[in-house]
Amino acid sequence: MDLPSHDHASGTLQRWLTGPRVPGLPNLAELPPPRLSFEFFPPKTDKLEEQLWACIRRLEPLAPRFVSVTYGAGGTTQARTHATVSRIVAETSLTPAAHLTCVGATRAEVDEVARGYWAAGVRHIVALRGDPPAGQTVYEPHPGGYDYAADLVEGLKRIGDFEISVAAFPETHPTALSAEQDLDNLKRKIDAGATRAITQYFFDTETYLRFLDRCGAAGITVPIVPGIMPVTNFVQVKRFSAMCGASVPDWMGKLFEGLDEDLETRRMVSVVVAAEQVRLLQANGVDEFHFYTLNRPDLVYAIAHLLGARAAR
32 MDLPSHDHAS
42 GTLQRWLTGP
52 RVPGLPNLAE
62 LPPPRLSFEF
72 FPPKTDKLEE
82 QLWACIRRLE
92 PLAPRFVSVT
102 YGAGGTTQAR
112 THATVSRIVA
122 ETSLTPAAHL
132 TCVGATRAEV
142 DEVARGYWAA
152 GVRHIVALRG
162 DPPAGQTVYE
172 PHPGGYDYAA
182 DLVEGLKRIG
192 DFEISVAAFP
202 ETHPTALSAE
212 QDLDNLKRKI
222 DAGATRAITQ
232 YFFDTETYLR
242 FLDRCGAAGI
252 TVPIVPGIMP
262 VTNFVQVKRF
272 SAMCGASVPD
282 WMGKLFEGLD
292 EDLETRRMVS
302 VVVAAEQVRL
312 LQANGVDEFH
322 FYTLNRPDLV
332 YAIAHLLGAR
342 AAR
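Dropping the structure here:
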């Protein structure tokens, strides 16, 4: 093996000594523990039901502000979502937030679901326009339904004093005519009564911070909580991101290169990538995080721990 020449070695040291110094991230002890929320999806089989409840029990000790349960396209998992949310109310210390969409239902039907949630003790709704039902590529409001998320928020506020979270898109919703129109739409949802926005996942911190600047300039004052998704299956995420308008940076592909058959290393890389992202956000003053768990708790638990979250004893 060739050893580096003396000149090269001394040149390397000189470069290290004179290069810019990157300051470390703030000491965790100096920062308040973050406020967390987690998203689960309703199970389709008994086995997946077990997996979901193992996930809920694993993350429950972190005392999140709320946990949300998603709703399939066209309301396809409505019954399971309702059952999962009702069980969370009955059997855990968690505060559930139920997803509700405008798709495939009249206003009366959506209102009935909302009243059912209120009766079950659910006081927090994640109000979304929703994706087109299977087989349709373009969203069309249901005849007699709520047209868009802002209309749904307004309708929910008439039913009860729900806490309402809505979606925000740091990289613009794929069907929006422009970034300005997308931001106007977010403002309408908040003006209609939403108390918080949760972002689509993103991987470049700067993307989110620039979006915060734009929200502030537009007069939005509610929290814009970053949505964080730990990635273990890079190929799958790349495919999904192309559909939902989230960009996947080249550096990320480089990190997962050659690991298709190596799940354990992918999991380690995933924790490192997400932990770096959330710690950088935390260093920029962000103290609330919403994790898309994909019903897999261990990665999320580790990342939350690195942020300073601790299980309640």
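Counting in the numbering used here, the sequence shown runs from 32 upward without gaps. Glycine is no exception: its CB is placed at the ideal position from the N, C-alpha and C atoms.
Distance between residue j and residue i (C-alpha atoms, nearest Å)
| i | j | result |
| --- | --- | --- |
| E202 | A85 | 33 Å |
| V197 | A210 | 17 Å |
| S272 | E140 | 32 Å |
| F97 | F69 | 7 Å |
| P172 | G289 | 44 Å |
| V279 | R270 | 10 Å |
| P51 | A277 | 32 Å |
| L48 | P57 | 23 Å |
| L243 | I221 | 15 Å |
| G166 | K78 | 28 Å |
| L325 | V309 | 18 Å |
| S117 | Y148 | 8 Å |
Close beta carbons around residue i, own chain, < 6 Å, minus the five adjacent residues each side
| i | result |
| --- | --- |
| Y170 | P163 |
| N216 | none |
| R219 | A181 |
| T115 | P73 and V100 |
| V262 | V268 and S301 |
| L183 | C133, A158 and Y177 |
Residue i in three-state terms, based on DSSP
| i | result |
| --- | --- |
| H130 | strand |
| R341 | coil |
| Y323 | strand |
| L93 | helix |
| H336 | helix |
| S278 | coil |
| L67 | strand |
| A158 | strand |
| V100 | strand |
| I251 | coil |
| E143 | helix |
| G258 | strand |
| E194 | strand |
| N216 | helix |
| A151 | coil |
| F271 | helix |
| R88 | helix |
| R118 | helix |
| K75 | coil |
| H204 | coil |
| Y239 | helix |
| A225 | coil |
| R52 | coil |
| H113 | helix |
| P174 | coil |
Sheet register partners of residue i (DSSP bridge)
| i | result |
| --- | --- |
| A199 | T230 |
Residues of its chain near residue i, where Cβ-Cβ distance is below 8 Å and the 5 sequence neighbours each way are ignored
| i | result |
| --- | --- |
| E91 | T123, S124 and L125 |
| H336 | none |
| N315 | T236 and L240 |
| Y332 | R89, L90 and L93 |
Contact set for residue i: own chain, Cβ-Cβ below 7 Å, skip 5 residues either direction
| i | result |
| --- | --- |
| F193 | R154, H155, I156 and L187 |
| G152 | V120 |
| T296 | L290 |
Chain E within 8 Å of residue i, Cβ atoms only
| i | result |
| --- | --- |
| Q308 | In the displayed structure, chain E is absent; only one protein chain is listed. |
- prompt: Quick one: any contact between the region 317 to 331 and the region 250 to 265, if contact means 3 or more CB pairs under 8 Å?
  reply: yes
query: Using 8 Å as the Cβ pair cut-off and three pairs as the minimum, do the region 125 to 136 and the region 225 to 236 touch?
result: no
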